[in-house]
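In this note's numbering, the protein residues as written are 1 to 39.
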């Protein structure tokens, strides 16, 4: 995601909101970083 893109904040907010809803529902989160795998 490029910060210079006009829709970046909207997409960031949507991703955060989706993961918050998943966390509250005790579901797996999206886009989780795996440090050991290198990404």
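Virtual Cβ for every residue (Gly too), placed ideally from N, Cα, C. Quick caveat: nothing in here was measured; it's all calculated off a predicted structure.
Reducing DSSP to helix, strand and coil, say where residue i ends up.
i	result
residue 24	helix
residue 36	coil
residue 10	helix
residue 19	helix
Please look up how many angstroms separate the CB atoms of residue i and residue j, rounded, as I've assumed it's under 8 Å.
i	j	result
residue 22	residue 29	5 Å
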